[in-house]
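K.L.:
Numbers given in this note's numbering equal positions in the sequence shown, counted from 1, plus 10.
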Amino acid sequence: MEKDFLQEFIHQVTKENEAKIAQEKRKKYFKELGRKGGLKTKENKKLDKVISIRITNSEYAILIQKQKKYPLKLSTYIRNVLFEKELKINEFQTDEVLLQFGNNFKKITNLLRNREWNVFENKKEILLRIENLIELIHQYLYSKSKKNE
């Protein structure tokens with residue numbers, strides 16, 4: 011009887027110990043994944059080194075004049091020029107215009123699908139061409155965003 015009690019007690023203690031170890035492993039696993047157990051946080055490239063240089067007033071004026079052409083801060087502009095990164099002017103404005111065109115084309119297709127617009131004989135052909143155009147716009151924008159990544 012004492013052996014049964016002792017064996018049962020040892021068995022129960024080992025189960026509790028295994029449960030604690032499993033819970034600790036789970037905590038460590040989620041700690042590794044992130045605070046709330048989500049995806050790992052991306053490593054952020056921090057700009058932690060400071061370099062100061064001296065330039066003349068005329069050099070500064072030229073630098074400011076060149077920097078104003080781009081929608082960038084002066085430090086970002088200098089960093090991009092220094093590391094010969096590609097400077098793009100009004101890149102996002104063209105993307106916005108294309109997105110607006112896509113939205114307008116979608117509105118036109120919705121209008122054409124209404125019963126009031128049955129006047130057109132080639133309504134299906136117009137809808138098909140507009141949908142193809144919308145698809146081309148989206149493919150262009152998504153391919154451009156994938157290149158940037």
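Backbone N, C-alpha and C fix where the C-beta goes; we use that ideal spot for every residue, glycine too.
Predicted model only: the values in this text are computed from it and were never measured.
Report the rounded CA-to-CA distance for residue 90 versus residue 60, giving the unit in angstroms.
P.N.:
Indexing the sequence shown from 1 puts residue 90 at position 80. Indexing the sequence shown from 1 puts residue 60 at position 50. In a straight line, the C-alpha of residue 90 is about 15 Å away from that of residue 60.
K.L.:
From residue 24 to residue 39, what distance separates their C-alpha atoms?
P.N.:
Here residue 24 is taken as the residue at index 14 of the sequence shown, counted from 1. Here residue 39 is taken as the residue at index 29 of the sequence shown, counted from 1. The alpha-carbon atoms of residue 24 and residue 39 are separated by roughly 22 Å.
K.L.:
Taking only the alpha-carbon atoms, compute the straight-line gap between residue 95 and residue 108 and give it to the nearest angstrom.
P.N.:
Counting from one through the sequence shown, the residue named residue 95 turns up at place 85. Counting from one through the sequence shown, the residue named residue 108 turns up at place 98. Their Cα atoms are separated by approximately 25 Å.
K.L.:
Is it true that the CB of residue 136 sits closer than 8 Å to the CB of residue 115?
P.N.:
Your numbering for residue 115 matches position 105 in the sequence shown. Your numbering for residue 136 matches position 126 in the sequence shown. No; because the gap between Cβ atoms is not below 8 Å, this pair is not in contact.
K.L.:
Are the Cβ atoms of residue 77 and residue 87 separated by less than 8 Å?
P.N.:
On the sequence shown, position 67 is the one that residue 77 refers to. On the sequence shown, position 77 is the one that residue 87 refers to. Yes, the Cβ-Cβ distance between residue 77 and residue 87 is below 8 Å.
K.L.:
First and last residue of the alpha helix (DSSP H) that includes residue 89?
P.N.:
The residue you call residue 89 lines up with position 79 of the sequence shown. Looking at the DSSP string, the run of the alpha helix (DSSP H) that includes residue 89 is 84 to 92.
K.L.:
What are the boundary residues of the alpha helix (DSSP H) that residue 69 is part of?
P.N.:
In the sequence shown, the residue the question calls residue 69 occupies position 59. Counting along the chain, the alpha helix (DSSP H) containing residue 69 begins and ends at 67 to 77.
K.L.:
Using the Cα positions of residue 124 and residue 133, report the straight-line distance between them to the nearest angstrom.
P.N.:
In the sequence shown, the residue the question calls residue 124 occupies position 114. In the sequence shown, the residue the question calls residue 133 occupies position 123. Distance between the alpha carbons of residue 124 and residue 133: 11 Å.
K.L.:
Helix, strand or coil for residue 116? Go by DSSP, reduced to three states.
P.N.:
Within the sequence shown, residue 116 is the residue found at index 106, counting from 1. Correct three-state label for residue 116: helix.
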